[in-house]
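Novice: Read in order, the letters of the sequence shown correspond to residues 0 to 109 in numbering that gives the first Met the number 0. We put the CB at the ideal spot given by N, CA and C, even for glycine. Predicted, not measured: the structure shown is a model, and the values here were computed from it.
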Amino acid sequence: MKSLITGLVLLFLGFRRGLRDPEFRAIMFLLIVATLIGTLVFRSVEGWSWLDAAYFSVVSLTTVGDANLAPSVAVTKIFAMAFSLVGIGLMLAFISRLTSFRDEASNETD
Numbered sequence: 000m001k002s003l004i005t006g007l008v009l010l011f012l013g014f015r016r017g018l019r020d021p022e023f024r025a026i027m028f029l030l031i032v033a034t035l036i037g038t039l040v041f042r043s044v045e046g047w048s049w050l051d052a053a054y055f056s057v058v059s060l061t062t063v064g065d066a067n068l069a070p071s072v073a074v075t076k077i078f079a080m081a082f083s084l085v086g087i088g089l090m091l092a093f094i095s096r097l098t099s100f101r102d103e104a105s106n107e108t109d
């Protein structure tokens, strides 16, 4: 339990440190914009609720996947493919930067 708490504290400290970095903020901004665009597209074309559309956007970006929701219209299937390819790259860049800032925070607390 102690290691979980330590890990979460370091992650939070890394996130705080990252907010001071312009590149980290830019990646985070693009990730938020991508999620909002995905939510709007899935909401308007598929007719899903806001929550379902946002959930599917986040699940697509994090590569988790969910068999309960899937696009049924050809346009959103094509959009989902492009959205996932671009968004997964953004998510990887975000996690990579966050990890580097977490490691820096870890080195300072040692």
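Looking at the secondary structure, which residues open and close the alpha helix (DSSP H) in which residue 6 lies?
Specialist: 1-17
Novice: Helix, strand or coil, according to DSSP, for residue 40 in the structure here?
Specialist: helix
Novice: Among the candidates 100, 106, 38, whose CA atom is the shortest distance from the CA of residue 24?
Specialist: Minimum Cα distance to residue 24 is reached at 100.
Novice: With H, G and I counted as helix, E and B as strand and the rest as coil, what does DSSP make of residue 48?
Specialist: Three-state result, residue 48: coil.
Novice: May I have the straight-line CA-CA distance separating residue 112 from residue 20, to the nearest angstrom?
Specialist: Absent from the model: residue 112. The displayed extent of the chain is 0 to 109, so no value can be given.
Novice: Pull up the CB-CB distance for residue 93 and residue 26, whole angstroms please, since I reckon it's below 8 angstroms.
Specialist: 5 angstroms
Novice: How long is the line joining the alpha carbons of residue 119 and residue 107, rounded to whole angstroms?
Specialist: Residue 119 cannot be examined here, being either before or after the span of the chain that is shown, 0 to 109.
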